[in-house]
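2 protein chains.
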Amino acid sequence: MAAGQRDISVSEFFAKNRHLLGFDNPRKALLTTVKEAMDNGLDACEEAGILPEIWVHIERVGQDRYKVGVQDNGPGILRKQIPLIFGKLLYGSKFHRLRMSRGQQGIGISAAGMHGVLTTGKPVKIISKVSRRKPAHYYEIQINTKLNVPEILNGRGAGIEIPPNHLGQKAIEKHGIEWIEQDHGTRVTIELEAKYQRGRGSVDEYLEQTAIANPHVTIHYTDPDGNEIEYNRVMDQLPPEPKEIKPHPYGVELGRLVSMLQQTEQPTLSKFFIHSFSRVSSSVARRICTAAKVGTRSNPHRIKRQEADLLHQAIQAAKIPAPASDCVVPIGEESILKGLRQVVPGEFYAAATRPPAVYRGNPFQIE
Amino acid sequence: MAAGQRDISVSEFFAKNRHLLGFDNPRKALLTTVKEAMDNGLDACEEAGILPEIWVHIERVGQDRYKVGVQDNGPGILRKQIPLIFGKLLYGSKFHRLRMSRGQQGIGISAAGMHGVLTTGKPVKIISKVSRRKPAHYYEIQINTKLNVPEILNGRGAGIEIPPNHLGQKAIEKHGIEWIEQDHGTRVTIELEAKYQRGRGSVDEYLEQTAIANPHVTIHYTDPDGNEIEYNRVMDQLPPEPKEIKPHPYGVELGRLVSMLQQTEQPTLSKFFIHSFSRVSSSVARRICTAAKVGTRSNPHRIKRQEADLLHQAIQAAKIPAPASDCVVPIGEESILKGLRQVVPGEFYAAATRPPAVYRGNPFQIE
Numbered sequence: 358m359a360a361g362q363r364d365i366s367v368s369e370f371f372a373k374n375r376h377l378l379g380f381d382n383p384r385k386a387l388l389t390t391v392k393e394a395m396d397n398g399l400d401a402c403e404e405a406g407i408l409p410e411i412w413v414h415i416e417r418v419g420q421d422r423y424k425v426g427v428q429d430n431g432p433g434i435l436r437k438q439i440p441l442i443f444g445k446l447l448y449g450s451k452f453h454r455l456r457m458s459r460g461q462q463g464i465g466i467s468a469a470g471m472h473g474v475l476t477t478g479k480p481v482k483i484i485s486k487v488s489r490r491k492p493a494h495y496y497e498i499q500i501n502t503k504l505n506v507p508e509i510l511n512g513r514g515a516g517i518e519i520p521p522n523h524l525g526q527k528a529i530e531k532h533g534i535e536w537i538e539q540d541h542g543t544r545v546t547i548e549l550e551a552k553y554q555r556g557r558g559s560v561d562e563y564l565e566q567t568a569i570a571n572p573h574v575t576i577h578y579t580d581p582d583g584n585e586i587e588y589n590r591v592m593d594q595l596p597p598e599p600k601e602i603k604p605h606p607y608g609v610e611l612g613r614l615v616s617m618l619q620q621t622e623q624p625t626l627s628k629f630f631i632h633s634f635s636r637v638s639s640s641v642a643r644r645i646c647t648a649a650k651v652g653t654r655s656n657p658h659r660i661k662r663q664e665a666d667l668l669h670q671a672i673q674a675a676k677i678p679a680p681a682s683d684c685v686v687p688i689g690e691e692s693i694l695k696g697l698r699q700v701v702p703g704e705f706y707a708a709a710t711r712p713p714a715v716y717r718g719n720p721f722q723i724e
Numbered sequence: 358m359a360a361g362q363r364d365i366s367v368s369e370f371f372a373k374n375r376h377l378l379g380f381d382n383p384r385k386a387l388l389t390t391v392k393e394a395m396d397n398g399l400d401a402c403e404e405a406g407i408l409p410e411i412w413v414h415i416e417r418v419g420q421d422r423y424k425v426g427v428q429d430n431g432p433g434i435l436r437k438q439i440p441l442i443f444g445k446l447l448y449g450s451k452f453h454r455l456r457m458s459r460g461q462q463g464i465g466i467s468a469a470g471m472h473g474v475l476t477t478g479k480p481v482k483i484i485s486k487v488s489r490r491k492p493a494h495y496y497e498i499q500i501n502t503k504l505n506v507p508e509i510l511n512g513r514g515a516g517i518e519i520p521p522n523h524l525g526q527k528a529i530e531k532h533g534i535e536w537i538e539q540d541h542g543t544r545v546t547i548e549l550e551a552k553y554q555r556g557r558g559s560v561d562e563y564l565e566q567t568a569i570a571n572p573h574v575t576i577h578y579t580d581p582d583g584n585e586i587e588y589n590r591v592m593d594q595l596p597p598e599p600k601e602i603k604p605h606p607y608g609v610e611l612g613r614l615v616s617m618l619q620q621t622e623q624p625t626l627s628k629f630f631i632h633s634f635s636r637v638s639s640s641v642a643r644r645i646c647t648a649a650k651v652g653t654r655s656n657p658h659r660i661k662r663q664e665a666d667l668l669h670q671a672i673q674a675a676k677i678p679a680p681a682s683d684c685v686v687p688i689g690e691e692s693i694l695k696g697l698r699q700v701v702p703g704e705f706y707a708a709a710t711r712p713p714a715v716y717r718g719n720p721f722q723i724e
């Protein structure tokens with residue numbers, strides 16, 4: 358059992374196991390692709406404080422082949438980041454932070470692009486623009502599945518610069534780039550083997566639900582039959598920005614507690630608890646340490662496995678206030694109602710927002 | 358959208374997304390852990406031509422905590438490979454080859470170990486022995502989730518050598534190593550947060566089914582209540598060894614065809630088809646090329662996207678013999694019946710083996 362043992366690249370693994378990422382079948386592949394692109398667009402806009410406007414265009418280009426174009430009016434992406442964000446799995450900015458967002462994993466949109474390349478051989482096309490006065494950048498890329506790195510196919514491997522004037526318009530026409538003129542934003546186009554269906558689990562349903570849940574978003578949707586569906590925003594205000602918060606002690610796994618203890622810069626166990634977790638006061642920290650029979654002034658780096666285990670049990674038994682709820686930003690009952698009224702015809706509307714709870718140290722909330 | 362973009366390690370990703378690998382809940386975590394260890398053990402034995410004998414021991418060690426030990430009588434693992442196989446995700450020998458086996462992905466057993474470390478803080482323990490005359494090696498490891506590398510905790514980071522004599526027996530006792538004396542084999546012990554249940558989807562059911570489907574395997578199972586269940590082999594012969602075969606052209610994805618064309622060492626398109634796929638004769642290759650209007654003597658490296666697309670369509674339309682079935686090794690109706698009679702009491706037994714079919718170029722068979 359030694360011959361041929363070797364590393365497997367993460368993109369080879371996911372090329373073979375695309376079902377794990379939502380590409381189980383052609384219908385779901387289409388939905389996942391639209392959803393990943395929407396998530397990225399909405400997150401980008403909201404982080405930049407821009408009211409999102411999203412264009413979604415699904416075009417049938419052959420038997421079981423569709424072209425999905427999704428454009429946002431976000432802040433645009435820095436040139437050198439474009440190929441990595443769209444052509445490398447497990448690359449992103451949202452994975453390590455403790456803040457609510459739609460996308461998290463740094464895998465969705467690049468996996469959608471990989472699925473497109475593998476099923477149609479067509480590269481992923483991205484144009485992104487950060488300002489009216491600066492050039493836009495246009496890339497045609499495909500993921501190198503063996504190495505999990507992006508390969509840039511146009512502009513001799515460097516992409517193309519689109520100048521911010523009438524010459525730019527010419528370049529856009531010359532290269533057949535799809536782009537709705539905007540001061541800033543990003544458009545990604547993916548061609549993939551897919552199946553378009555209406556009804557339950559369809560792209561249409563997903564976009565409708567997104568419009569309901571995000572009353573501050575405008576969506577322009579062109580479906581494969583050429584129908585244009587508009588969801589106009591009913592609120593001119595972004596939801597409050599989610600805060601980045603420390604984990605709540607309840608439900609933090611023992612393994613995570615151990616690595617937090619190893620990595621902390623706090624000199625004492627008591628300070629470690631107070632500063633690494635939310636809702637832990639010095640008296641809560643003292644009670645945890647006492648219950649576990651470990652000194653509050655112990656050096657966190659010297660806590661042994663057995664002690665960590667006792668601390669972990671003491672945390673579960675301690676009385677700690679519920680997590681601060683301002684890190685979870687609910688849409689709110691009123692806004693959901695506004696969204697519902699806009700999209701769904703009816704006579705009676707109801708919405709409910711439940712109080713937040715905790716899973717593995719991370720607060721969540723159901724609406 | 359630029360700040361903080363960075364690489365995410367594959368182990369960080371899977372630590373957060375353990376549900377993708379079968380660790381959705383404590384009950385399933387136990388089953389997945391046993392299954393991954395069994396798969397590795399059975400594959401190791403069969404590849405070495407050894408009739409498998411497997412010991413499975415599940416012990417309750419605390420509230421919602423179990424210790425899973427699985428030992429095989431396989432050929433043992435080379436010393437330097439042990440930490441990588443059990444402490445690094447996406448590492449293995451079975452991913453790239455085109456041959457039937459239980460394990461494939463190089464992720465299962467190391468993910469089980471990672472889950473154990475994260476939920477209990479306890480390291481994964483492995484002892485492996487390649488011969489009666491050579492020392493065994495004992496490692497206590499934990500995966501470094503940030504870097505996806507194994508950390509060896511015992512023997513000052515180098516593991517421990519167990520000499521092949523009475524001194525060895527003393528060392529085994531001294532270090533509290535669990536090991537049933539054998540000339541060769543591997544035992545892995547993982548402690549994890551889990552739930553033990555009987556009935557549907559239980560470890561008990563899985564082991565029973567494994568015994569039915571593998572009448573050449575002996576399993577000694579000690580359950581958490583201390584019951585000892587024995588499944589003795591009813592056949593003294595290994596199933597025929599599966600052959601490594603080339604993919605069948607039907608269902609090969611366009612993206613895979615494109616990368617095969619780029620990587621082939623064959624000088625002409627015709628030779629590429631004949632040598633890269635199974636069941637393609639020179640006349641089949643010619644018909645594919647003719648239908649796609651591409652010359653049989655074209656250089657595969659110079660095939661353009663559009664031509665690859667036409668070739669891909671021509672493959673689907675061509676008449677190609679069904680895949681050779683000797684790469685899929687069915688257990689066979691007779692053997693399944695033997696296994697059934699051994700395990701399940703009853704008056705009437707039936708088994709069926711269907712002819713093989715193809716998915717994405719890979720043959721499969723239902724029994």
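Chain order of the listed sequences is A and B.
Residue numbering for the first sequence follows this note's numbering, starting at 358 and increasing by one per position.
Residue numbering for the second sequence follows this note's numbering, starting at 358 and increasing by one per position.
Beta carbons: idealized from backbone N, C-alpha and C, even for Gly.
- Under DSSP, proline 720(A) takes part in a beta bridge, and its partners are Val715(A).
- For a Cβ distance threshold of 7 Å, nothing in chain B lies close to isoleucine 509(A): the least Cβ distance comes to about 16 Å.
- Here alanine 468(B) carries a helix assignment [DSSP, helix/strand/coil].
- At a cut-off of 8 Å between C-beta atoms, arginine 417(B) does not count as an interface residue with respect to chain A.
- Residue ranges of uninterrupted alpha helix (DSSP H) with 4 or more members, entirely inside the stretch 507 to 563 of chain A and ordered along the chain, are 523 to 531.
- Cβ-Cβ separation between glycine 444(A) and valine 481(A): approximately 7 Å, consistent with a contact (criterion under 8 Å).
- When C-beta atoms of the stretch 483 to 490 of chain A are compared with those of the stretch 610 to 626 of chain B, fewer than three pairs fall below 8 Å, so the two segments do not count as touching.
- Threonine 390(B) and isoleucine 415(B) have their C-alpha atoms some 11 Å from each other.
- Here DSSP, grouped into helix, strand and coil, assigns glutamine 594(B) to coil.
- For glutamine 438(B), the closest alpha carbon among the candidates Arg659(B), Gln428(B), Ile645(B) and Gly449(B) is that of Gly449(B).
- Rounded to whole angstroms, alanine 642(B) and glutamate 369(A) show a C-alpha spacing of 28 Å.
- According to DSSP, arginine 698(A) shares a beta bridge with no other residue.
- Between the beta-carbon of leucine 618(A) and that of proline 657(A) there is about 5 Å, and that keeps the pair under the 8 Å contact cut.
- Look at the beta carbons and you see the stretch 496 to 504 of chain B not touching the stretch 383 to 401 of chain B: under three pairs across the two are nearer than 8 Å.
- The Cβ neighbour count for proline 432(B), taken over all protein chains shown within 10 Å, is at least 16; the residue is labelled buried.
- Spanning the alpha carbons of isoleucine 517(A) and proline 507(A) requires a straight line of approximately 16 Å.
- Taking the beta carbon of leucine 595(B) as reference, no residue of chain A falls within 8 Å; the closest one sits roughly 16 Å away.
- At a cut-off of 8 Å, the C-beta of aspartate 429(B) has no neighbouring C-beta in chain A.
- Annotation: isoleucine 484(A) is outside any alpha helix (DSSP H); the continuous beta strand (DSSP E) that includes it extends over 481 to 486.
- Short of 6 Å from the beta carbon of valine 715(A), and not among the five residues preceding or following it, lie these beta carbons of its own chain, in chain order: His605, Tyr607, Gly608 and Pro680.
- DSSP links asparagine 501(A) through a beta bridge to Val506(A).
- Beyond the five residues adjoining it in sequence on each side, alanine 648(B) comes within less than 6 Å, by CB distance, of Ala671 in the same chain, given in chain order.
- Interface annotation for the stretch 360 to 384 of chain B against chain A: Ala360, Gly361, Gln362, Arg363, Asp364, Ile365, Ser366, Val367, Glu369, Phe370, Ala372, Lys373, Asn374, Leu377 and Leu378, criterion Cβ-Cβ distance under 9 Å.
- Glycine 612(B) has a beta carbon lying within less than 8 Å of a beta carbon in chain A.
- Remark: three or more beta-carbon pairs, one from each stretch, lie closer than 8 Å, so the stretch 563 to 578 of chain B and the stretch 403 to 413 of chain B are flagged as touching.
- The contact set of threonine 477(B) on chain A, defined by CB atoms closer than 7 Å, consists of Leu611 in chain order.
- In the DSSP assignment, glycine 444(A) is bridged to no other residue.
- Non-local C-beta neighbours of threonine 477(A) in its own chain, meaning closer than 8 Å and more than five positions away in sequence, comprise Arg422, Glu548, Leu549 and Glu550, ordered along the chain.
- For threonine 543(A), the closest alpha carbon among the candidates Gly583(A), Ile466(A) and Asn511(A) is that of Ile466(A).
- The beta carbons of aspartate 364(A) and leucine 504(B) sit no closer together than 8 Å.
- The CB of aspartate 666(B) comes closer than 7 Å to the CB of Gly478 in chain A, given here in chain order.
- For arginine 422(A), the uninterrupted beta strand (DSSP E) segment begins and ends at 422 to 429.
- Glycine 449(A) has Arg363(B) as its beta-bridge partners, per DSSP.
- Glycine 612(B) has its alpha-carbon roughly 19 Å from the corresponding atom of isoleucine 631(B).
- Here arginine 654(A) is exposed: its Cβ has fewer than 16 other Cβ atoms, across all protein chains shown, within 10 Å.
- With 16 or more other Cβ atoms from the protein chains shown falling within 10 Å of its own Cβ, asparagine 571(B) counts as buried.
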